[in-house]
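Encoded as structure tokens, the structure appears first; notes follow it.
Residue numbers (the numbering used here): 10 to 110.
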């Protein structure tokens, strides 16, 4: 029986690094936050582990055309739902944008 792990990563998600592989550039370290550029599913693990989701990020060195960052080393940052103040500010900004046209 094969274990299937599903992730809900999407382009433009924010990813918090929680562990670092020795091949990663120094800026990819625990605590750093990146914006997802590409999501690959069912990426084979080079050391014989389970395949899984892999991520590429904006403004981070690319690991190569057939390589990406293991999603297991990152946590998705999910913004909270807007509160009353957020809704009021968003409404004012939308109104201002309409006036400026």
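Even glycine gets a Cβ: it sits at the ideal position worked out from N, Cα and C.
- Judged by DSSP secondary structure, residue 37 falls outside any beta strand (DSSP E); it is assigned neither H nor E.
- With distances taken between CA atoms, residue 60 lies nearest to 80 out of 17, 18 and 80.
- Using a Cβ distance threshold of 8 angstroms, residue 50 and residue 65 do not count as a contacting pair.
- Residue 67 carries a coil assignment under DSSP once its states are collapsed to helix, strand and coil.
- Counting the other Cβ atoms within 10 Å of the Cβ of residue 98 gives fewer than 16, which makes it exposed.
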